[in-house]
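J.: Protein chains in written order, with my numbering: chain A, 1294 to 1594; chain B, 2 to 389. Here it is, the structure in full.
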């Protein structure tokens, strides 16, 4: 027994050392982990810290109060209006994009097959141009005596509709901006639907609607849902569309947060608002992901 | 006797340190630029309104001194001052804000330090007559210390398209234009919320620069809701000028030479900054003006280039460049010096409305601090939300 124990000792300590030391992978990932820790976690920690600081102060971690949250949830505070508008805009953006992007994604998949996701990357190219520049471009298009109005008048027609600086044009701007974020995952999802399965269903006498409902849609669902989730999360934080195209006809929640950090100089209130929005989006995402049963959707069960 | 290390490391000090560290992290790209204990002969950090951060102004200074000059522009005073309060006092060397902040806030809070008076006061002799030393806003309350140098200034009330509303009508009707139901949907509001607080008070017939009664706040609230509801758009300077030029709006609240001069220089002299003939401001004055004061930050390791830069911008040629730096065009106090004034072309003088500048400044009270600004701003933000 003693022999065995002596023989095993060095091995055990080596194992212990090995267990204590980081694996090669973890060591390689260390610089990225540090970078993420500093660049990603630290600001979030600061925001959480400020959310509990005395209003209109800079007492980060030096004071603790729930006053900021009390202000947000006070019945007299109208910030819920901004929050409701942001949620509404985000929901409508997702719904419209689902309807708009699906036929495009379907067409791309039909024409380009497995290369469709690659082709859909082309829709990402506008993202290389600053969002503000693209939105100002739309202002020039829709503005009185601008591209649309001016051209119609030049053709002897009564001129373009007055759509700028309205909630409707804000929604249009959001649909335009977030199209690639819906299209790409959706195309990827549709490209993963095996054509053989569709052909087999058709051979067995299934109709177009039946095939779409029972095969294509469920198999493409992970891509569709990821697109919807991504678009919703981005859209709920959108500001530029409401500011530039909408002319601030609506104050969205992210704009309220911005005002708190700039003109109001109430960093604690802005942070508390940011925390509420983050928690809401986080909870919604986790809930959606928990309901998103990939195995079932992929028909592996 | 020094405190033992263990004793001085209290929970509070650790939390303070963490707070400062996180605050600095959130401060962004300038972290490390201050490098608190390093020699700073070759670096200069400027916190300013747009214009001073332009390459036209900074590049000659960079090549002249071989220094690394960084400038960050922001579009409101409270943000800049709070950056110093939040711990960036070690980062910045110069801060350029509107007139009241240096003597009323930044000096009492020890965020800035006085300039060597003997060295800088002579510059005021060459400025326009109203800036002759001792110039109120450049001095401390007791009149002993020189707190900063002045340069850009201008009237800032509202802007009209004179093809739609004549200058005479605008000046005579004044702020009541924004009380006229017929003009609802025909005006914009510049996104400059501190000025909007001032101007909504004035539209409501109340002097903004005093402590307000509950009745006055009720009137302010009612005015804010109505004026915001009637606005076609709220936006930045570019949006306002674009909307005026295209005919989307006929006038906009909050604006002046600073905002409209780029459009005027671009061939739209029909757009004009207006200073009403009368109003509810002190002395029955109709408008509000601003004067920028640039001060040295109370940085424990202040760059020696800070003073050099303040002298550099006094040069007639550089002052002219500052007046016409990218973004906005403005009159400068140094126009009192013939060598500087002669550099301005007729078109440039027209862009900054030189023809009426003196009378408009005389009709304006100077920018000041609203004692109950926070409350007014909260009311205004709530009013803005009800636009939809």
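Backbone N, C-alpha and C define an ideal beta-carbon position, used for all residues, glycine too. It should be emphasised that the depicted structure is a prediction, and the values quoted were computed from it without experimental measurement.
So the candidates are B:141, B:280 and B:336; which of them puts its Cα closest to the Cα of residue 130 (chain B)?
T.: In the second chain, counting from the first residue as 1, residue 130 (chain B) sits at position 129. Nearest of B:141, B:280 and B:336 to residue 130 (chain B), Cα basis: B:336.
J.: By a C-beta neighbour count over all protein chains shown, 10 Å radius and 16 as the cutoff for buried, is residue 10 (chain B) buried or exposed?
T.: Against the second chain, residue 10 (chain B) aligns to sequence position 9. Its pLDDT being 41, under 50, residue 10 (chain B) is placed unreliably in this model, and the value from its coordinates should be taken loosely. Exposed.
J.: Name the residues in the segment 85-103 of chain B whose C-beta lies less than 8 Å from a C-beta of chain A; which are they?
T.: Residues of the segment 85-103 of chain B that bring their beta carbon within less than 8 Å of a beta carbon in chain A comprise 86, 87 and 88, in sequence order.
J.: Runs of 3 residues minimum, wholly inside the segment 1527-1588 of chain A: which ones carry the beta strand (DSSP E) assignment?
T.: Fully enclosed beta strand (DSSP E) runs of 3 or longer: not present.
J.: Could you name the residues that DSSP lists as bridge partners for residue 156 (chain B)?
T.: Counting from one through the second chain, the residue named residue 156 (chain B) turns up at place 155. DSSP, once it has assigned bridges, lists B:290 as partnering residue 156 (chain B).
J.: Give a yes or no on contact between the segment 181-190 of chain B and the segment 230-246 of chain B, applying the rule of three or more CB pairs nearer than 8 Å.
T.: yes
J.: In terms of alpha-carbon separation, which member of B:170, B:297 and B:161 lies closest to residue 150 (chain B)?
T.: Reading the second chain from its first residue, position 149 is the one you call residue 150 (chain B). Ranking the options by Cα distance to residue 150 (chain B), first place goes to B:297.
J.: Below 7 Å CB to CB, which residues in the same chain sit around residue 313 (chain B) once its five sequence neighbours on both sides are set aside?
T.: Within the second chain, residue 313 (chain B) is the residue found at index 312, counting from 1. Cβ within range, chain order: 62 and 319.
J.: Could one say the Cβ of residue 1568 (chain A) lies closer than 8 Å to chain B's Cβ atoms, at least one of them?
T.: Within the first chain, residue 1568 (chain A) is the residue found at index 275, counting from 1. Chain B contact via Cβ: absent.
J.: Which value, in whole angstroms, describes the spacing of the CA atoms of residue 306 (chain B) and residue 365 (chain B)?
T.: Residue numbering aside, residue 306 (chain B) sits at position 305 when the second chain is read from its first letter. Residue numbering aside, residue 365 (chain B) sits at position 364 when the second chain is read from its first letter. Their backbone Cα atoms lie some 35 Å apart in a straight line.
J.: Quick one: does residue 1552 (chain A) have its CB under 8 Å from some CB of chain D?
T.: The question asks about chain D, but that chain is absent: this structure's protein chains are A and B.
J.: Could you tell me whether the segment 1459-1473 of chain A touches the segment 1372-1392 of chain A, using the rule of 3 or more Cβ pairs below 8 Å?
T.: yes
J.: Could you tell me which uninterrupted alpha helix (DSSP H) segments, each at least 4 residues in length, are contained entirely in the segment 58-145 of chain B, listed from first to last along the chain?
T.: 78-86 and 118-125
J.: In the segment 1353-1382 of chain A, which residues sit with their C-beta less than 7 Å from some C-beta in chain B, listed in chain order?
T.: 1353, 1354, 1355, 1371, 1374, 1375 and 1378
J.: Can you name, in chain order, every residue of its own chain whose Cβ lies under 8 Å from the Cβ of residue 1505 (chain A), other than the five neighbours on each side?
T.: Locating residue 1505 (chain A) in the first chain gives position 212, where the first residue counts as 1. Here the set comprises nothing.
J.: Starting from the Cα of residue 136 (chain B), find the closest Cα among B:367, B:170, B:218 and B:356 and give me that residue.
T.: Reading the second chain from its first residue, position 135 is the one you call residue 136 (chain B). Here the closest residue by C-alpha is B:367.
J.: Can a CB atom of chain B be found closer than 8 Å to the CB of residue 1446 (chain A)?
T.: Numbered from its first residue, the first chain carries residue 1446 (chain A) at position 153. No - not a single Cβ of chain B is within 8 Å of the one on residue 1446 (chain A).
J.: Please list, in chain order, all residues of the same chain as residue 1476 (chain A) whose beta carbon is under 7 Å from its beta carbon, the five residues on each side excluded.
T.: To locate residue 1476 (chain A), count along the first chain from 1; it is residue 183. Result list for residue 1476 (chain A): 1394, 1397, 1398, 1413 and 1416, in chain order.
J.: Which residues, taken in chain order from the segment 1529-1541 of chain A, show a beta carbon closer than 9 Å to some beta carbon of chain B?
T.: Listed in chain order, the positions of the segment 1529-1541 of chain A with a beta carbon within less than 9 Å of a beta carbon of chain B are 1536, 1537, 1539, 1540 and 1541.
J.: Need the endpoints of the alpha helix (DSSP H) that residue 304 (chain B) sits in, please.
T.: For the purposes of this step, residue 304 (chain B) is taken as residue 303 along the second chain, with counting starting at 1. In the DSSP annotation of this structure, residue 304 (chain B) is not part of any alpha helix (DSSP H), being labelled neither H nor E.
J.: Any Cβ of chain B within less than 8 Å of the Cβ of residue 1577 (chain A)?
T.: Translated into positions along the first chain, residue 1577 (chain A) becomes position 284. For residue 1577 (chain A), not one C-beta of chain B is nearer than 8 Å to its own C-beta.
J.: Report the residue from B:141, B:264, B:228 and B:254 whose alpha carbon sits nearest the alpha carbon of residue 276 (chain B).
T.: Position 275 of the second chain holds residue 276 (chain B). The candidate whose alpha carbon is nearest that of residue 276 (chain B) is B:254.
J.: Note the first and the last residue of the continuous beta strand (DSSP E) segment covering residue 247 (chain B).
T.: On the second chain, residue 247 (chain B) is found 246 positions in, with the first residue counted as 1. First-last for residue 247 (chain B): 238-247, but that is the alpha helix (DSSP H), not the beta strand (DSSP E).
J.: Any beta-carbon of chain B closer than 8 Å to the one on residue 1425 (chain A)?
T.: As a working mapping, residue 1425 (chain A) is identified with position 132 in the first chain. Not an interface residue.
J.: State the start and end residues of the unbroken beta strand (DSSP E) segment that holds residue 1361 (chain A).
T.: In the first chain, counting from the first residue as 1, residue 1361 (chain A) sits at position 68. First-last for residue 1361 (chain A): 1360-1366, but that is the alpha helix (DSSP H), not the beta strand (DSSP E).
J.: Following the continuous alpha helix (DSSP H) through residue 273 (chain B), name the residue where it begins and the one where it ends.
T.: Counting from 1 along the second chain, the entry for residue 273 (chain B) is found at position 272. Unbroken run through residue 273 (chain B) is the beta strand (DSSP E), 272-275; no alpha helix (DSSP H).
J.: Could you pull out every residue in the same chain whose Cβ sits closer than 7 Å to the Cβ of residue 67 (chain B), ignoring the five residues on either side in sequence?
T.: Translated into positions along the second chain, residue 67 (chain B) becomes position 66. 43, listed in sequence order.
J.: With burial defined as no fewer than 16 other Cβ atoms inside 10 Å of the residue's Cβ, what is the status of residue 1379 (chain A): buried or exposed?
T.: As a first step, residue 1379 (chain A) is located in the first chain; it is residue number 86 there, counting from the start. Buried.
J.: Mapping DSSP to helix, strand and coil, what is residue 217 (chain B)?
T.: Along the second chain, one-based indexing puts residue 217 (chain B) at 216. The answer is helix: DSSP assigns residue 217 (chain B) an H, G or I state.
J.: Residue 5 (chain B): buried (16+ other C-beta within 10 angstroms of its C-beta) or exposed?
T.: Numbered from 1 along the second chain, position 4 holds the residue referred to as residue 5 (chain B). Caution is warranted here: a pLDDT of 36 is assigned to residue 5 (chain B), below 50, making its placement in the model unreliable, and the coordinate value is therefore given only provisionally. Exposed, by the Cβ-count rule.
J.: In chain B, what lies closer than 9 Å to residue 1316 (chain A) by C-beta?
T.: On the first chain, position 23 is the one that residue 1316 (chain A) refers to. Within chain B, no residue comes near residue 1316 (chain A); the closest Cβ sits about 29 Å away, beyond 9 Å.
J.: What runs of the alpha helix (DSSP H), each 4 residues or longer, lie entirely inside the segment 1352-1434 of chain A?
T.: 1360-1366, 1372-1405 and 1409-1413
J.: Have a look at residue 359 (chain B) and residue 1444 (chain A) and give me their C-alpha separation to the nearest angstrom.
T.: One-based indexing of the second chain puts residue 359 (chain B) at position 358. One-based indexing of the first chain puts residue 1444 (chain A) at position 151. So the two alpha carbons sit approximately 44 Å from each other.
J.: What three-state label does DSSP hand residue 172 (chain B) in the structure shown?
T.: Taking the second chain and counting its residues from 1, one reaches residue 172 (chain B) at position 171. Residue 172 (chain B) falls in the helix class under three-state DSSP.
J.: Using only CA atoms, which one of A:1403, A:1582, A:1342 and A:1314 lies nearest to residue 1491 (chain A)?
T.: Numbered from its first residue, the first chain carries residue 1491 (chain A) at position 198. Of the listed residues, the one whose Cα sits closest to residue 1491 (chain A) is A:1403.
J.: Hey, how far is the Cα of residue 249 (chain B) from the Cα of residue 353 (chain B)?
T.: Reading the second chain from its first residue, position 248 is the one you call residue 249 (chain B). Reading the second chain from its first residue, position 352 is the one you call residue 353 (chain B). If I take the Cα positions, the gap works out to 24 Å.
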